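Structure record follows, encoded as structure tokens.
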Amino acid sequence: MKKIFQYIMLAVVTIVMASCTSDIEETTAIAGKSNVQLVVGEFPAFGDSQTRAIGTPDEGKTSWAEGDELLLEMTSKTLGTKYAAFTYNGSSWELTSGELSYKEDEVPTFPHVYYAPNYKWEAGKLVLKEGKAAGTDEYIEGKANITPNGQGINVSFADATRNYSRLRIATMPNKQITVAFNNRYTPAGSSVNAIFPRYTLTSDEKGNAYLYGTFGQYCDFEVKYERAPLASHTFYQAAENAKSYALDATVVSLADEGITYDQIVEDVKKELDAGKTYINLMLAPDADEETLDAIHIGLQDARYGSINLTLIGCKKIPSRGFMHFDMLKSIALPDVTEIGENAFSDCTELEKVVLGNLTKVYGNVGKKGIFDGCRTRYIDLVLSEEQKVMNGGETEDRYCWTADIIKDYSGSDEHDGRVFLGYEFMSVTCDY
-14 MKKIFQYIML AVVTIVMASC TSDIEETTAI AGKSNVQLVV GEFPAFGDSQ
36 TRAIGTPDEG KTSWAEGDEL LLEMTSKTLG TKYAAFTYNG SSWELTSGEL
86 SYKEDEVPTF PHVYYAPNYK WEAGKLVLKE GKAAGTDEYI EGKANITPNG
136 QGINVSFADA TRNYSRLRIA TMPNKQITVA FNNRYTPAGS SVNAIFPRYT
186 LTSDEKGNAY LYGTFGQYCD FEVKYERAPL ASHTFYQAAE NAKSYALDAT
236 VVSLADEGIT YDQIVEDVKK ELDAGKTYIN LMLAPDADEE TLDAIHIGLQ
286 DARYGSINLT LIGCKKIPSR GFMHFDMLKS IALPDVTEIG ENAFSDCTEL
336 EKVVLGNLTK VYGNVGKKGI FDGCRTRYID LVLSEEQKVM NGGETEDRYC
386 WTADIIKDYS GSDEHDGRVF LGYEFMSVTC DY
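The sequence shown: position 314 = 299 (my numbering), numbered continuously.
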């Protein structure tokens, strides 16, 4: 006679794998004709990093939540191997796919039980769900066995060991970021290194985005918002299994109405004093000369060519806006559409410039204007994929480069020649 578990609540016992503990919560649920005591311990939380922590520690997921899923494999000597998924409804676990059955006079075994939200059973194998990518969630294996009375299944993660690490990226709340790896990264659930993987992640309401995997020695990656770099990191030592790491890709808002010159100076200086080389600021669309001057003052103690500055939100850069910003190694202005004369003049240490979809760039007597005094042949320039060819000419009683109505810059003669606004660059990329 078969015993079918389609209506049996799953008894789950989990033990915290981090340093924190909590009281065990007990609930009773009705299963078929009998009451089943459901004992639920805490989710095996990761805990937060003790290194490179940003602000208030954030442990991420710490408890089972409605919609969580466990994937079980069961073997019966008589009936063979079965596969099933159980889903937590907020108070109990319910069988939502597959079947678990065995003869009453035998004790089945459970070779595998997983908490792996990105995966599902398919033909006896774990495969990625549609739209999911390896490394964007947990992949934990636990243990399971039949209860002594044969009426339930105990699942435990007490002896489970994560053979991967977690990377917490602290950034802006509810924003899409990209994370691009160059080497030595293996996503959780995989056994082979990913080849230059690129992830698109959406941060939660606290501003956190997560990746799970093995970060080998010299694994390096960059975090971007749109085309603007927010942070980069190299693991000079391989990351430790079951440990959480935190990377600061936060953005400081200077867009509040009424913010003073001195406040801007102070906020920028705090970032510098914290040892940051990536400084990310949110500005108002109409940020003026005074705002940029305050940023300059806040950065004045930085070493030459040491700062990667990203300014989000500003649409126009005034004339001479970044003149003599000799501390800049790179600058990213992903939202800018209009730039005034001599905006980057004499920024002699610049190595990379990221610009938005430009429509107007004003020149000076030399008819170039924004990069005079810069060694553009040593600068990598990144433009919007929508960027049009810029045509020079007299406009509004001054020289102005304006965007062509039809002709794309990408693939043009200027692009092939690494020329933009009359300057020659080391490289010009239209970022897709």
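Every residue gets a Cβ at the ideal spot worked out from N, C-alpha and C, and that includes glycine.
These numbers were taken from a predicted model, which means no experiment stands behind them.
{"Item": "Reduced DSSP secondary structure (H/G/I, E/B, other) of Thr163", "Value": "strand"}
{"Item": "Inter-residue spacing [alpha-carbon to alpha-carbon] between Gly298 and Lys337", "Value": "19 Å"}
{"Item": "Proximity below 7 Å, CB of Met411 to CB of Ile364", "Value": "yes"}
{"Item": "Residues near Pro270 by beta carbon distance below 8 Å, same chain, minus five either side", "Value": "Gly298, Cys299, Lys300, Lys301, Asp320"}
{"Item": "Lys114 - DSSP class collapsed to helix/strand/coil", "Value": "coil"}
{"Item": "Sequence-distant residues of the same chain with beta carbon closer than 8 Å to Ser150, five excluded per side", "Value": "Tyr197, Gly198, Thr199, Phe200, Ala224, Glu225, Asn226, Ala227, Lys228, Ser229, Tyr230"}
{"Item": "Contact between the region 67 to 87 and the region 156 to 168 (3+ Cβ pairs under 8 Å)", "Value": "no"}
{"Item": "Beta carbon of Gly127 nearer than 7 Å to that of Val140", "Value": "yes"}
{"Item": "Same chain, Cβ closer than 7 Å to Tyr289, neighbours up to 5 away in sequence not counted", "Value": "Asp311, Met312, Glu334"}
{"Item": "Where His218 sits in the DSSP three-state scheme", "Value": "strand"}
{"Item": "Identity of the residue in Lys261, Ile180, Asn376 nearest Ile390 by Cα", "Value": "Asn376"}
{"Item": "8 Å contact criterion, which Ser61 and Glu89 should meet: CB distance rounded", "Value": "With 8 Å as the limit, Ser61 and Glu89 do not qualify as a contact, their Cβ atoms being about 11 Å apart."}
{"Item": "Leu368 beta carbon less than 7 Å from that of Cys332", "Value": "no"}
{"Item": "Ala240 and Ala317 closer than 7 Å at C-beta", "Value": "no"}
{"Item": "Assigned exposure category for Ile103 - 16 Cβ within 10 Å defines buried", "Value": "Here the sequence assigns Asn to residue 103, which means Ile is not the residue at that position. Per the 10 Å Cβ criterion, buried."}
{"Item": "Backbone CA spacing between Ser69 and Leu56 [nearest angstrom]", "Value": "It should be pointed out that residue 69 corresponds to Ala in this sequence rather than to Ser. Ala69 and Leu56: Cα-Cα distance of roughly 6 Å."}
{"Item": "Spatially closest choice to Ala129 from Ile180, Pro93, Lys105, Gly120, by CA coordinates", "Value": "Pro93"}
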